Every structure is written in structure tokens, then in C-alpha cells.
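Some notes on the structure that comes next.
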Amino acid sequence: MTRRGMWLLYAHYDGEQAPVSARVLHSERTYKVGRKVDAVDLHVPIARISRLAGTLHVGAVAPTDVHRAQKRADLTWTMQMNSKSGSLVEGFRGRNRVEQRIRPEAPVELGDASRICLVSGLYADVRWLPVILCCPSHLHKDDIIRTAARVGVHIVPTLGEATHLVVPFARPNKTQVLALVRGVPIVSESFVQAVFDAAHAPVWKMPDPADFVPSCDPSLAPESRVMSSQWTVSAARRHLYAGLQLSMWISHTTRRYSDMAELAEAAGATVHIHDVSQEPMADVIEVRRILAQYQPASDVFVAADHMPLVEEACRTLRLPFLPQGLSAITQGIIDVRSWRDMVPQVDDTQLTEDVTSWQDDEHGMNITDGSACGALDSVEPSSEPLVHPPVSVERPAPRHRARRSVLLDEILGVSSDPPSAKYRRLLDSSPAPHQEAVPPSSPMRCIERPSLMQVHVEPMSRGSTSTHDYKKFRRRPRHVPAHRVALFLDVDVHATD
Numbered sequence: 001m002t003r004r005g006m007w008l009l010y011a012h013y014d015g016e017q018a019p020v021s022a023r024v025l026h027s028e029r030t031y032k033v034g035r036k037v038d039a040v041d042l043h044v045p046i047a048r049i050s051r052l053a054g055t056l057h058v059g060a061v062a063p064t065d066v067h068r069a070q071k072r073a074d075l076t077w078t079m080q081m082n083s084k085s086g087s088l089v090e091g092f093r094g095r096n097r098v099e100q101r102i103r104p105e106a107p108v109e110l111g112d113a114s115r116i117c118l119v120s121g122l123y124a125d126v127r128w129l130p131v132i133l134c135c136p137s138h139l140h141k142d143d144i145i146r147t148a149a150r151v152g153v154h155i156v157p158t159l160g161e162a163t164h165l166v167v168p169f170a171r172p173n174k175t176q177v178l179a180l181v182r183g184v185p186i187v188s189e190s191f192v193q194a195v196f197d198a199a200h201a202p203v204w205k206m207p208d209p210a211d212f213v214p215s216c217d218p219s220l221a222p223e224s225r226v227m228s229s230q231w232t233v234s235a236a237r238r239h240l241y242a243g244l245q246l247s248m249w250i251s252h253t254t255r256r257y258s259d260m261a262e263l264a265e266a267a268g269a270t271v272h273i274h275d276v277s278q279e280p281m282a283d284v285i286e287v288r289r290i291l292a293q294y295q296p297a298s299d300v301f302v303a304a305d306h307m308p309l310v311e312e313a314c315r316t317l318r319l320p321f322l323p324q325g326l327s328a329i330t331q332g333i334i335d336v337r338s339w340r341d342m343v344p345q346v347d348d349t350q351l352t353e354d355v356t357s358w359q360d361d362e363h364g365m366n367i368t369d370g371s372a373c374g375a376l377d378s379v380e381p382s383s384e385p386l387v388h389p390p391v392s393v394e395r396p397a398p399r400h401r402a403r404r405s406v407l408l409d410e411i412l413g414v415s416s417d418p419p420s421a422k423y424r425r426l427l428d429s430s431p432a433p434h435q436e437a438v439p440p441s442s443p444m445r446c447i448e449r450p451s452l453m454q455v456h457v458e459p460m461s462r463g464s465t466s467t468h469d470y471k472k473f474r475r476r477p478r479h480v481p482a483h484r485v486a487l488f489l490d491v492d493v494h495a496t497d
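As C-alpha cells, then:
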């Protein structure tokens, strides 16, 4: 795989006991490595290495190759004659790390993750850092192109393989939202100069993209603006719609709808686009029939603007539907919200069943009594005629009734009416329960603490098969102190203490 970016050399530039640091190797330059301060370009202050260990040569990158992300500068290492650095260079052959013996004054091509042996046990590591900036057209100037070619930075016009997206303002368009899905940091235009300054610094340190978050576009409406915190990289966006079967209904084919579908697919969804102009959908009944056909293969439905028939049919068929329209796709990516959080909950059926007492169901009660919703003074009896029952059934006289919930009365502390005379007669005529059937009371204070009782444990005696060893089966003497075993009393026995 072709790599692109800038070359970095990690070594102990501050001494053997100090941590390693990086230096940027500019293109079309030759660097001398050693411990002599005035004679080398990359000074490694360790007495064990040679004053001039070797030289690094970085190839040239033409300004016309800055826009080609596949182009990279060549890097070679040449060991000096009579150097202490040895004759080993470690590299990779496939996935295996191999050691290559080199000859003095013979250039050896280096690659990413190569190691140069400066002295036994001391190495200098070579790294290739890809820095590909997707910049707007007004940043493709000659001076910026020359500086980028010197430090190894590539400037490209499309997002493709870019590592950073440079924009003047934060705006929720396709390019920036797609960069959020792919995990590409979105930075302001000042990030380009910060990378150039870091490449010329004595110690390389990559600028933090979080310090270069662009501001919102002031030309946008207040409701369309985004916050800076929403423009940060989140790994959850790449698989935000993973496994989702999205059924998209549009009125006609436009670029905006295709961009929405591409964003949803980039987040892991499978989009099925249905053009209403190509399918006969004359009325609501036809729309319901067509939607019912796609229901088994779709997890959620979304429709473009000005399509009330599709929205009404989804609500009637109780299908998962995004009421925000196609903007829910981009809004979910920006806010890192799953589609399940944006689908409104399907309401339950209107059929309800009240919990009422059997006495109120049989005898009824006045409309002013009780705590139920129907027991309000402002509620007036309905003027509509009641439906007559069959002639064979005796119809009672019409009375105003109100449902009464015993459970709600108990919660609100409302006392119910006394039982009727018929119910009291039933209570009086019922026989008294048998006394023996009632279980005895079991106070919990009986098991508050265990009682320690003297229990004597004796081994089980068994017959002896011999007349010489009968003594080992004799019982233990009575004066041996007994064990103290904690014994819990039964619940029906009261404690005596």
C-alpha cells in the first residue's frame, strides 16, 4: 500500500536517559547524524556513537505532486566508513521484521518503521506520518504549495483520503457531515499554518485539531447553526445506523436526496429509495397498500417534504416513521443519536378498562360522588338517546351513573359509602369461621437472637470385632465439657428472657 505524508526520525536527541523525540525530515535535503555538535545536522549526545554515524537523504517532491496523495519522497541511509554504528538496519518484509546487513558508503532505502542501529543497543526509528489536508480552492496558492512540498504535506481538493478537512466555517453540508461520519477532524484555516510551523520547529509536535474547531457560518439562520462541540470527532458516528433498513420515499430524483442516502449509507444503513413519481399512488388507500408491501423489509420509513399522504399512511398503519423528514438523517449524525431515539413511540389503543368495585357496577352511584374523572360537578348528562336493549331484557330506569375506582379512592384517602343492606345481610348470615383454622400468631421478637443451650454430643457406639481394641469404642467420660451450639427457637415458642 502506498503511504503519503512526512518523514519523522525518532532518537535520543536530549541524552540516553531522556525520552525519544521526533524531528521532521524535509524533502530534498541531506542530514548528517552523529554526536559532534558542529559537524552534524541531527545531534545525538551519546558518547558511545560515532562523531559522524551516517547520512540521511530525503528525495525531492515536485510542487505538481502535492495534489497527488500517492506520491512520497524517497529516504535512504548511508553509513560512514569507520563508523561505530555497526552494519544493521531493521525493516519489514511483509509482516516479518528482518535485519539487513549494510556496507559502508552504500545507500540503503528505508521505509516506515525502519530502525537504524547507531550503536549496539541504541536505535533511531523512522516513521511515516500521513498529513493530507482537504482545503478549499482559495488555499491552493503557490507559496502554500511550495511549503507543503518541502515539509511533506499533501493538499487535495476532495475528501477522499484526507486526514483533515480545512473549512472557513462550520456548515452542515454533505462534505462536512461525511467527514464527521468517517472520523476526519474538521479544522479551521489556521490549522494549515500551524502544521507548517510545527514542521520547522526544533521538536515536532502535531497540532491538536480540538484547538482549531471552526466557528459556525454567520450567514445561516439561527435554527440551522451548530455548536462547536457537535463538530468534534466521535467514533460512534461510523456505525450509528449499522444494520438499519431505511425506506426513503421521495417525490422526484434530485441531488439533495441522493446526498442524504449517501450519508445514511456511510453511517452503516441500507437505503431503499422509492420515487413516488414512478409509482401510482393516487389516494391514501393506494399508499397504505404500497407501504404494507415494504413493511417486512424496512426498519423505519422517512419521506421527503410535502408528502402528507405517506406520513398519514405510516401513522394509520402504525409504522416506525421519522416525522422530521430527511433532515433527521443529518441531525442524528451531528447529535450522535440513534434512529430509535428519533422515532416517536407508537400510542396504545384507545380501549381502556377501569378498575371499579362490584357494588358500584351493580347499584351505581350519583355523578357527584367518588373520585373518578367522571365524578365532576361540571359534567352534564348526555342528551343523546340511549341504545335500547332487546325487548326480552328488562331495562332499569335510567339514572346518572359515574364510574368509581376503589383503588383511586384509597390513594386519595376518600372514604367509600357504607355497604348496602343486602350486603350487610349476607355478612350477618355467613357462619363464623372455625377457630382452629386460624393459625396462631408468630411474633418476630421470638427470633431476635439465638439461644445458647447446653448440648452434649456423643459419638455413635458400634460393636467391636476384636477383643483387644474394644477400649477405643468406649464412651467418653461425662465430665468432658459440652459443646455450646447456637440453636434458633421455633416461631411459635415465646422467649423466656
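Taking full-length UniProt numbering, the leading residue of the sequence shown gets 1, the next gets one more, and so forth. We put the beta carbon where it would ideally sit given N, CA and C, even for glycine. Fair warning: this is a prediction, and the values are worked out from it, not measured in the lab.
Looking only at its chain, what residues have a beta carbon closer than 6 Å to the beta carbon of C134, apart from the 5 residues adjacent to it on each side? V156, L159, A162, L165
So, V233 versus P185, is the Cβ gap smaller than 8 Å? yes
With respect to 7 Å, is the separation between the Cβ of M307 and the closest non-hydrogen atom of the ligand MG below this value? This structure simply doesn't include the ligand MG, nor any ligand for that matter.
Buried or exposed by the 16-neighbour rule on C-beta atoms within 10 Å, applied to T30: exposed
By the DSSP assignment, the alpha helix (DSSP H) with M260 in it spans what residues? 255-266
Any idea if Q324 is buried or exposed, counting beta-carbon neighbours within 10 angstroms, 16 or more meaning buried? exposed
Touch test, the stretch 51-59 against the stretch 73-80, Cβ-Cβ under 8 Å, three pairs minimum: yes
Please report how far the alpha carbon of H154 lies from the alpha carbon of A47, in whole angstroms. 38 Å
Verify whether the separation of the beta carbon atoms of F191 and P202 is less than 8 Å. no
Same chain, Cβ closer than 8 Å to V343, neighbours up to 5 away in sequence not counted: V300, P320, F321, L322
If you reduce the DSSP assignment to three classes, tell me which class K32 lands in. strand
For V287, is the classification buried or exposed, using 16 other Cβ atoms within 10 angstroms of its Cβ as the cut-off for buried? buried
Within this structure, are the beta carbons of A267 and L246 separated by less than 8 Å? no
Three-state secondary structure assigned by DSSP to M342: helix
I'd like to check one pair, W204 with L8: are the Cβ atoms closer than 8 Å? yes
Tell me whether residue 498 sits in a helix, a strand or coil according to DSSP, three-state version. Beyond the ends of the chain as shown, which are 1 and 497, falls residue 498; an answer cannot be given.
Would a C-beta distance cut-off of 8 Å place residue 502 and V126 closer than the cut-off? Within the shown structure, residues of the chain are numbered from 1 to 497, placing residue 502 beyond reach of any answer.
For I49, does the three-state DSSP call read helix, strand or coil? coil
According to the neighbour-count rule (16 or more other Cβ atoms, all chains shown, within 10 Å of its Cβ), is V151 buried or exposed? buried
Can you tell which of Y123, I273, F212, A282 has the C-alpha that lies nearest to the C-alpha of P308? A282
Reference H200; option with closest CA among A148, A221, D305, Y13: A148
With a threshold of 16 other CB atoms inside 10 Å of the CB of I49, please say whether the residue is buried or exposed. buried
D125, DSSP secondary structure in three states: strand
Cβ shell of R237 (< 8 Å), same chain only, five flanking positions each side left out: L180, V181, G183, A267, I333, V336
Using 8 Å as the threshold, is the stretch 36-47 in touch with the stretch 15-25, meaning 3 or more CB pairs across them? yes
Using the three-state DSSP reduction, which class does Q324 fall into: helix, strand or coil? coil
Where the beta strand (DSSP E) containing L8 begins and where it ends: 6-11
For E279 and chain B, any beta-carbon pair shorter than 8 Å? You won't find chain B in this structure, because it holds only one protein chain.
Can you name the start and end residues of the beta strand (DSSP E) that E99 belongs to? 96-101
Identify which residue in M260, G243, A242, L244 has its Cα closest to the Cα of I250. M260
Report the three-state DSSP secondary structure of L88 (helix, strand or coil). strand
Here's the rule: buried if 16 or more other CB atoms are within 10 angstroms of the residue's CB, otherwise exposed. What is R146? exposed
Going by DSSP, name the residue or residues bridged to I155. L133
Since L75 is in the beta strand (DSSP E), which residue starts that stretch and which ends it? 75-79
Compare the C-alpha of V61 against each of W128, E28, Q176, W339 and name the closest. E28
Can you tell me which of the three DSSP states Q17 falls into? coil
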